[in-house]
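**Q**
Protein chains: 2
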Amino acid sequence: MHKNFVLSTTDRHSKARRGQLTTAHGVIDTPAFMPIGTQGTVKAVTPRELRELDAQIILGNTYHLFVRPGLDVIKHFGGLHNFMNWDGPILTDSGGYQIFSLAKLRKITDGGVEFQNHIDGARAFISPEIAMEIQAALGGDIAMALDECVPYPCEYDYAAQSAELTTRWAKRCLEWKRRNGETAKRGLADSPDRGFADSMLFGIVQGATFEDLRKQSAQAIVDLDFDGYAIGGVSVGEPEEEMMRAVESAEPFLPRDKPRYAMGLGTPPQLLEMIARGMDMFDCVLPTRLARNGTAFTTTGTLNLKNAQFALDKSPIEENCACDACREFSRGYIRHLIKAEEILGLRLITLHNLHSYLNLMKRARTEIESSTFDQFRKAFVAGYKTRDPMMVE
Amino acid sequence: MHKNFVLSTTDRHSKARRGQLTTAHGVIDTPAFMPIGTQGTVKAVTPRELRELDAQIILGNTYHLFVRPGLDVIKHFGGLHNFMNWDGPILTDSGGYQIFSLAKLRKITDGGVEFQNHIDGARAFISPEIAMEIQAALGGDIAMALDECVPYPCEYDYAAQSAELTTRWAKRCLEWKRRNGETAKRGLADSPDRGFADSMLFGIVQGATFEDLRKQSAQAIVDLDFDGYAIGGVSVGEPEEEMMRAVESAEPFLPRDKPRYAMGLGTPPQLLEMIARGMDMFDCVLPTRLARNGTAFTTTGTLNLKNAQFALDKSPIEENCACDACREFSRGYIRHLIKAEEILGLRLITLHNLHSYLNLMKRARTEIESSTFDQFRKAFVAGYKTRDPMMVE
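Here the protein sequences come in this chain order: A and B.
For the first sequence, our numbering gives the first residue as 5, with consecutive numbering after it.
For the second sequence, our numbering gives the first residue as 5, with consecutive numbering after it.
1) Excluding sequence positions up to five away, which residues of its chain have a Cβ less than 6 angstroms from the Cβ of Val-385 (chain A)?
2) With 7 angstroms as the threshold, decide whether the Cβ of His-29 (chain A) is near any Cβ in chain B.
3) Given that Gly-144 (chain A) touches chain B, what residues does it touch there, using C-beta distances under 8 angstroms?
4) Run through chain A and tell me which residues come within less than 9 angstroms of Asp-336 (chain B), C-beta to C-beta.
5) Which residues share a DSSP beta bridge with Ala-37 (chain B)?
6) Determine the burial state of Ser-422 (chain B): buried for a count of at least 16 other Cβ atoms within 10 Å of its Cβ, exposed for fewer.
7) Could you say if the stretch 288–295 of chain B and the stretch 347–367 of chain B meet the contact criterion of at least three C-beta pairs nearer than 8 angstroms?
8) Would you say Thr-96 (chain A) reaches chain B, if we count a Cβ-Cβ gap shorter than 7 angstroms as a contact?
9) Determine whether the Cβ of Ile-347 (chain A) lies closer than 7 angstroms to any Cβ atom of chain B.
10) Using a Cβ-Cβ cut-off of less than 9 angstroms, list which residues of the stretch 284–316 of chain B approach chain A; keep chain order.
11) Please report how far the alpha carbon of Ser-375 (chain B) lies from the alpha carbon of Gly-270 (chain B), in whole angstroms.
12) Kindly list the residues whose CB is nearer than 6 angstroms to the CB of Ala-254 (chain A), restricted to its own chain and excluding five residues on each side of it in sequence; keep chain order.
13) On the three-state DSSP scale, how would you describe Leu-355 (chain B)?
14) Let me check one thing: in DSSP terms, what residues is Thr-26 (chain B) bridge-paired to?
15) Report the CB separation of Thr-213 (chain B) from Tyr-162 (chain B) in whole angstroms; it is logged as a contact under 8 angstroms.
16) Looking at the ligand FMN, does it come within less than 6 angstroms of Thr-42 (chain B), judged from the CB to the closest heavy atom?
17) Find the nearest neighbour of Thr-50 (chain B) within the set B:Leu-106, B:Gly-207 and B:Leu-355, judged by alpha-carbon distance.
18) List, in order along the chain, the chain A residues whose C-beta lies closer than 9 angstroms to that of His-122 (chain B)?
19) Could you tell me whether the stretch 91–98 of chain B touches the stretch 141–148 of chain B, where touching means 3 or more Cβ pairs closer than 8 angstroms?
20) Mind checking which residues open and close the alpha helix (DSSP H) that includes Leu-142 (chain B)?
21) From the DSSP output, read off the bridge partner residues of Arg-21 (chain B).
22) Output needed for Lys-175 (chain B): all residues of its chain with C-beta closer than 7 angstroms, excluding positions within five of it in sequence on either side, in chain order.
23) With DSSP run on the structure shown, which of helix, strand or coil describes Gln-60 (chain B)?
24) Rounded to a whole number of angstroms, what is the C-alpha to C-alpha distance between Asp-33 (chain A) and Leu-25 (chain A)?
25) Alpha carbons only, please: which of A:Gly-74, A:Arg-172, A:Ala-140 and A:Ile-321 is nearest the one belonging to Leu-316 (chain B)?
26) Once DSSP output is grouped into helix, strand and coil, what is the label at Val-396 (chain A)?
27) Work out the CA separation of Thr-14 (chain A) and Arg-391 (chain A) for me, nearest whole Å.
28) Secondary structure at Leu-258 (chain B), three-state DSSP: helix, strand or coil?
29) List the endpoints of the continuous beta strand (DSSP E) containing Tyr-156 (chain B).
30) Spell out whether any CB of chain B is found under 7 angstroms from the CB atom of Thr-66 (chain A).
31) Hey, Lys-19 (chain B) and Gly-282 (chain B): beta-carbon distance below 7 angstroms or not?
32) Taking a Cβ distance cut-off of 9 angstroms, strictly less, list which residues of the stretch 34–49 of chain B are near chain A, in chain order.
33) Give the DSSP-derived three-state secondary structure of Met-5 (chain A) in the structure shown.
34) For the putative contact between Ile-138 (chain B) and Thr-42 (chain B), defined by C-beta atoms under 8 angstroms, what is the C-beta separation to the nearest angstrom?
35) What is the rounded straight-line gap between the Cα of Ile-40 (chain B) and the Cα of His-68 (chain B)?
36) Roughly how many whole angstroms lie between the Cα atoms of Met-395 (chain A) and Leu-290 (chain A)?
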């Protein structure tokens, strides 16, 4: 089997890694940030703009797409790539996280999760096998095993049992893909690829905030042999130190030659800290969600562009930023748009924020290549002024 | 004085005219459609997208910009062009229409209008002179005289008095520009132009639905000698025949060598009917407003993309349409976006609708040049299926 993940440089002063992950729809340079396309679109952004931003992979939310427009529609269009007209790599999550955070009346058994969706309250059931079947139909390049994501705080006993359930589910996901990968349609009806067998499948490490559970979960998931490994159950409301510790507890047990994905985080400093701890891939709603509220990310912290102080400000969101919003518009104009609830305002901040996150990853890759990543990280974190707890949720 | 409006072709079978209007920020081919940039942005669209759509002029709403962000802000940024980063021609309305349709507690006297704005209820007063001063500060290429736009239906006596008031106000607007045009800053602080004197000023014909009042108003306004003439008080809820008659009653009294602007309309067939009646310029919220509700314009009528019938439709909004939305996305996908309330959905329909309107004007210009406009108009109107009264409001 060909190797789809190649590490080119490993930092000497930290665990930071520079790699390339090859998928059926293109190569992803790691460390990589994945903009989130919840409902078949990265909010307010076109696929063309994503390409101009140099986004190399986006994330699709299985739960949302399953609820609306539904699998039949996406199958009819030949998979998510065709449906949304994005020809780059896509990672689909398992739907688990949203079932646990959005859906109602959940009932978890070893078999799977029964729930009512948050849109029309219709009952549905997702098992590890069904999560695979749905992701095969969506046709992403990377699928995620179904896991249970426990809340913070969580009792030790529940966290232990839940991590074991996640392991049993992970095994069933792998099993389903081994049996059905070649035959399951991968969406792209007109593509010559080998169906879902061409997709990668990542396992997810759980274990809440408990060091021994994180270690056990990592070992058990790694034993099953996935194409990559994710750290789940982080960025669920725990303090930042707990988040770092959870990753540090699991990381030593992850194989060097597989990509590692820290799920659902975080702020720019957190991403650099995670890279320093050996993580390669990230996804986070912050750049797009906060943009819609008027908040812009800069290398020295966030700006709330609704503030009156920006009303007469002729400078761009961030000096020397190469994004279209900064090259063409002032803070004062964007503030006016946000105050007047004009869509263009959130469009411009969204573009800037995505550029900011993607550019930070580009910078991190260069710094790792030059063996200067650790100095860069320290200087960046020290210079980042925002310490708003809202920022880490 | 140089001539800024040149008619190149006049249709032999109708009153349609093909012309060019030269402004300080560029040339406008007429018949022309002007997308509406209510609050300093054409809703959901960037200036770059407007240029790609070949929009040659946009409209800015004086009332909205006066209320928010306010004149001080726009002056600080050197005028509306600089503020919103649009370097093409801008027409600013007088603010009158919005004062009469949006503001509260209006009190009209010969001096002007006192009102409370609809955002924070602050009291303000606008006279013909103040309307000029504000438009000079906005720095548009075409300013409009302050008028009173009477509602439909309207009593004859009130319509007559109101049209006379509009004439008196029109005279004061001209007077103000003659006295202050050279000194009034035209926004663009760094521009070598001659201030507001470089802007054109259009007068507005009123007279409600009364043929004799329309004639009298047209004659009185034309006597004052403006750079162009608008027909106001149409598309205010009257039946389509009344709208046509109002324009037909005024048009014979407008000079051939000046541009004519039919304000605030309409559907695609209405625009062609207005062109056939000698009108050159149009503005309308329909393409952008209806887009936000999921309604797309095609050459054969409107489509409500929320309808279930489009869920599995792989065709574009309109076959052979050259807009980005039609070249890249399906009706089914756009329907999903609209149902899921994703901003990308209304962005795509807005682009398509603006393209549709602008392209219709381009087509009309070509047809006039080929002396085939009248056949084209008849065929288009006959083939246009939508007869929804909502469409003409």
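Heads up, the beta-carbon is just placed ideally off N, CA and C, and yes, glycines get one too.
**A** According to the data block:
1) Excluding sequence positions up to five before and after Val-385 (chain A), its CB lies within less than 6 angstroms of the CB of Pro-273, all in the same chain and listed in chain order.
2) no
3) Ordered by position in chain B, no residue passes the 8 angstroms Cβ test against Gly-144 (chain A), which lies about 17 angstroms from the chain.
4) The amino acid at residue 336 (chain B) is misidentified as Asp; the sequence shows Gly. Result: Pro-73, Val-77, His-80, Phe-81 and Phe-87.
5) First, the amino acid is wrong: residue 37 (chain B) is Phe here, not Ala. Looking at the DSSP assignment, Phe-37 (chain B) forms a beta bridge with B:Phe-286.
6) Missing from the structure shown is residue 422 (chain B); chain B here goes from 5 to 397 and no further.
7) Three or more Cβ pairs closer than 8 angstroms define a contact, and the stretch 288–295 of chain B meets that threshold against the stretch 347–367 of chain B.
8) no
9) Closer than 7 angstroms: yes.
10) Arg-296, Ala-315 and Leu-316
11) 24 angstroms
12) The residues are Val-209, Arg-218, Ala-222 and Ile-235.
13) DSSP, read as helix, strand or coil, puts Leu-355 (chain B) in helix.
14) When DSSP reads this structure, Thr-26 (chain B) sits in a beta bridge with B:Val-31.
15) About 12 angstroms separates the two Cβ atoms, so there is no contact after all.
16) In the structure on display, the ligand FMN does not appear, and there are no ligands present to speak of.
17) B:Leu-355
18) Ordered by position in chain A, no residue passes the 9 angstroms Cβ test against His-122 (chain B), which lies about 12 angstroms from the chain.
19) yes
20) 132–142
21) B:Thr-14
22) Leu-228
23) Note: Gln-60 (chain B) maps to coil in three-state DSSP.
24) 7 angstroms
25) A:Gly-74
26) At Val-396 (chain A) the pLDDT is 39, less than 50, meaning the model places this residue with poor confidence; the figure from the coordinates comes in the next sentence. Note: Val-396 (chain A) maps to helix in three-state DSSP.
27) 30 angstroms
28) coil
29) Premise fails: Tyr-156 (chain B) is in no beta strand (DSSP E) and is neither H nor E.
30) no
31) yes
32) Thr-42, Gln-43, Gly-44, Thr-45, Val-46, Lys-47, Ala-48 and Val-49
33) Unreliable placement is indicated for Met-5 (chain A), whose pLDDT of 48 sits below 50; no coordinate value is reported for it.
34) Ile-138 (chain B) to Thr-42 (chain B), Cβ: 15 angstroms. No contact.
35) Near 12 angstroms, if we compare the C-alpha coordinates of His-68 (chain B) and Ile-40 (chain B).
36) Here the model assigns Met-395 (chain A) a pLDDT of 47, short of 50, so the residue's position is not dependable, and the following value carries that caveat. Straight through space, the alpha carbons of Leu-290 (chain A) and Met-395 (chain A) are spaced by roughly 8 angstroms.
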